[in-house]
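Its first residue numbered 429, the sequence shown is counted upward by one per residue in the working numbering. Backbone N, C-alpha and C fix where the C-beta goes; we use that ideal spot for every residue, glycine too. Written out below as structure tokens is the structure these notes cover.
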Amino acid sequence: MTPTATVILIGGSGFVGRHLTDILLRNNYQVVIVSRHHEATHHAKEASWFLNSNYNLDELTQLFSASGPSSFVINLVGQLHDKRGEPFGPGFNEAHVELPTRLVAAMKSSSLTRLIHVSSIGAGPNAPSMYQRSKGVGEKVIKESLLNWTIVRPSVIFGRDDQFIQLFASLCRVFPVIPLASSTSRFQPVYVGDVALAISQALQLESTCYQVIELAGPSVYSLKELVEVAGRTINKKPLVIPLPHTLGYLQALVFEHLPGKTLMSRDNLASMSEDNILQNQAIQPLKYFFNINPTPLETLLP
Numbered sequence: 429m430t431p432t433a434t435v436i437l438i439g440g441s442g443f444v445g446r447h448l449t450d451i452l453l454r455n456n457y458q459v460v461i462v463s464r465h466h467e468a469t470h471h472a473k474e475a476s477w478f479l480n481s482n483y484n485l486d487e488l489t490q491l492f493s494a495s496g497p498s499s500f501v502i503n504l505v506g507q508l509h510d511k512r513g514e515p516f517g518p519g520f521n522e523a524h525v526e527l528p529t530r531l532v533a534a535m536k537s538s539s540l541t542r543l544i545h546v547s548s549i550g551a552g553p554n555a556p557s558m559y560q561r562s563k564g565v566g567e568k569v570i571k572e573s574l575l576n577w578t579i580v581r582p583s584v585i586f587g588r589d590d591q592f593i594q595l596f597a598s599l600c601r602v603f604p605v606i607p608l609a610s611s612t613s614r615f616q617p618v619y620v621g622d623v624a625l626a627i628s629q630a631l632q633l634e635s636t637c638y639q640v641i642e643l644a645g646p647s648v649y650s651l652k653e654l655v656e657v658a659g660r661t662i663n664k665k666p667l668v669i670p671l672p673h674t675l676g677y678l679q680a681l682v683f684e685h686l687p688g689k690t691l692m693s694r695d696n697l698a699s700m701s702e703d704n705i706l707q708n709q710a711i712q713p714l715k716y717f718f719n720i721n722p723t724p725l726e727t728l729l730p
């Protein structure tokens with residue numbers, strides 16, 4: 429069958445991108461994945477890959493022009509950690525502000541009009557964390573672009589290969605006791621398959637244009653409860669000990685300076701000072717906009 433349209437995934441080799449690519453290919457889209465990394469190319473042989481990208485303006489403009497004006501662009505790029513800075517660090521600025529700015533410019537130069545931008549619940553220019561502030565400034569760039577934009581704001585995204593629940597599960601496998609900062613912070617985890625399906629549907633839904641749509645699951649959990657669910661996925665029952673703010677801050681500071689991947693940062697703690705849940709619990713956006721019944725977190729349990 430002839431592909432219906434081209435979808436360009438910016439940062440498409442990551443967690444959400446892998447699931448979204450599979451859905452788009454099944455729905456007969458031609459998928460172009462633009463990524464700085466090449467490790468994940470095995471997951472979608474049918475897609476076209478634009479690897480080792482620097483996401484610079486000339487490169488993006490050439491790619492968008494070659495794809496044709498009816499192509500769609502989906503921006504999935506995001507990063508969770510960065511060095512300190514005001515109002516946010518240079519890495520956050522590049523990923524969450526400068527890149528969206530270049531995407532908008534390249535789309536306008538290439539006569540592309542439809543953009544879906546993935547942000548985060550809690551994003552805002554005056555938010556407590558650098559991550560959320562940079563995401564908020566990036567949203568402002570999109571809203572002022574004059575493109576046909578949709579912004580989706582997921583809560584924490586879970587799935588079999590996520591980096592949140594699975595991280596806690598790995599800790600529960602090693603440590604029977606888990607000291608936990610911000611243990612009462614609330615989250616509304618959303619399934620990666622639901623997020624990917626919603627984004628794919630939004631491409632063709634005019635009702636989602638110029639909308640900021642929060643994506644969350646059916647239930648709200650404290651961070652302590654999420655750690656306990658993570659333990660249950662591997663048949664462990666960890667003892668979770670809540671830490672007061674001062675000790676939690678020191679714990680995050682230590683984690684920032686440990687070698688390897690950052691488990692927790694002071695900026696993460698700042699993000700968790702506000703609940704990561706739907707602003708309006710009376711409306712479930714997955715159902716309202718996309719007729720998707722949100723998947724419960726407990727589907728991860730054995």
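Residue range of the beta strand (DSSP E) that includes LEU667 = Where LEU667 is concerned, the enclosing beta strand (DSSP E) stretches over 667-670.
How long is the line joining the alpha carbons of TYR559 and PRO713, rounded to whole angstroms?
-> Distance between TYR559 and PRO713, taken at the CA atoms: about 23 Å.
Any chance you could list the beta strand (DSSP E) runs of at least 3 consecutive residues sitting entirely within the stretch 612-646, in chain order?
-> With a minimum length of 3 residues, the unbroken runs of beta strand (DSSP E) contained wholly in the stretch 612-646 fall at 639-643.
State the CB to CB distance for the pair SER583 and VAL640, rounded to an integer number of angstroms; the pair is presumed to be in contact (CB under 8 Å).
-> Wrong, their Cβ atoms sit about 14 Å apart, outside the cutoff.
If you drop the 5 nearest sequence neighbours on each side, which residues of the same chain put their C-beta closer than 7 Å to that of LEU485?
-> Here the set comprises ARG530, ALA533, ALA534.
Measuring alpha carbon to alpha carbon, tell me which of PRO646, VAL569, GLU656 ends up nearest CYS600.
-> It is GLU656.
Let me know the beta strand (DSSP E) ranges lying completely inside the stretch 499-552, each 3 residues or longer, listed in chain order.
-> Within the stretch 499-552, complete beta strand (DSSP E) segments of at least 3 residues are found at 500-503, 542-546, given in chain order.
Which residues does DSSP pair with ARG581 in a beta bridge?
-> In the DSSP output, where bridge partners are listed per residue, ARG581 has GLU642.
Of all the options ARG694, THR723, GLU726, which has the alpha carbon lying nearest to the alpha carbon of LEU508?
-> Considering only alpha carbons, the answer is ARG694.
Is the Cβ-Cβ distance between HIS447 and GLY566 less than 8 Å?
-> For HIS447 and GLY566, no; Cβs fall outside 8 Å.
Span of the alpha helix (DSSP H) holding SER495?
-> Per DSSP, the continuous alpha helix (DSSP H) segment holding SER495 begins and ends at 485-495.
If we count the other Cβ atoms within 10 Å of its Cβ and call it buried at 16 or more, is GLN709 buried or exposed?
-> So GLN709 counts as exposed.
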